[in-house]
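A.B. asks: Under the numbering used here, the first residue of the sequence shown is numbered 6, with each subsequent residue one higher.
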Amino acid sequence: MNNLSEENLVEFLLVKLRAERRVSLSEFKRAVRAGFLLTEHDLSPSPSRPNELRYEQRCRNLKCHNKFPRHIIGYENQVFYLIEDSRIENEF
Numbered sequence: 006m007n008n009l010s011e012e013n014l015v016e017f018l019l020v021k022l023r024a025e026r027r028v029s030l031s032e033f034k035r036a037v038r039a040g041f042l043l044t045e046h047d048l049s050p051s052p053s054r055p056n057e058l059r060y061e062q063r064c065r066n067l068k069c070h071n072k073f074p075r076h077i078i079g080y081e082n083q084v085f086y087l088i089e090d091s092r093i094e095n096e097f
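#1: In angstroms, rounded to a whole number, what distance separates the CA positions of E81 and L58?
#2: Between K21 and A39, which are expected to be in contact by the criterion C-beta below 8 angstroms, what is the C-beta distance as a whole number of angstroms?
#3: For E11 versus L48, is the C-beta spacing smaller than 9 angstroms?
#4: Go through the stretch 10-46 residue by residue and report every complete run of the alpha helix (DSSP H) that reaches 4 residues or more, in order.
#5: Kindly indicate the opening and closing residues of the beta strand (DSSP E) around L48.
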């Protein structure tokens, strides 16, 4: 089993946004926990954020590292939202 990657998270976020159009960071983290078989490493505490698990830090890092296509996904006030859904099919 592989550790959860930011690329996996972006793909999952796009699926969530296609269905819901908006998803808060906390809702996204809950969905990731329920939707993936997380490894022991994913579920271990983050070394740089002791109150957060590694998979939660990766969810937050999507914005910090600008890992998502910003012409399709927006982020404001801890909420991801779909900007344009006509190009998503060709994006990944």
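For every residue, glycine included, the Cβ atom is placed at its ideal position computed from N, Cα and C.
C.D. replies: Walking through what the data contain:
#1: By one-based count along the sequence shown, residue 81 stands at place 76. By one-based count along the sequence shown, residue 58 stands at place 53. Using only the alpha carbons, I get a separation of about 22 angstroms.
#2: Counted from its first residue, the sequence shown places residue 21 at position 16. Counted from its first residue, the sequence shown places residue 39 at position 34. Between A39 and K21 the Cβ distance is about 11 angstroms, and since that is not below 8 angstroms, they are no contact.
#3: Residue 11 sits at position 6 when you count from the first residue of the sequence shown. Residue 48 sits at position 43 when you count from the first residue of the sequence shown. The answer is no: Cβ separation not under 9 angstroms.
#4: 11-25 and 30-40
#5: Along the sequence shown, read from residue 1 onward, the residue named residue 48 stands at position 43. Counting along the chain, L48 falls outside any beta strand (DSSP E), and DSSP gives it neither H nor E.
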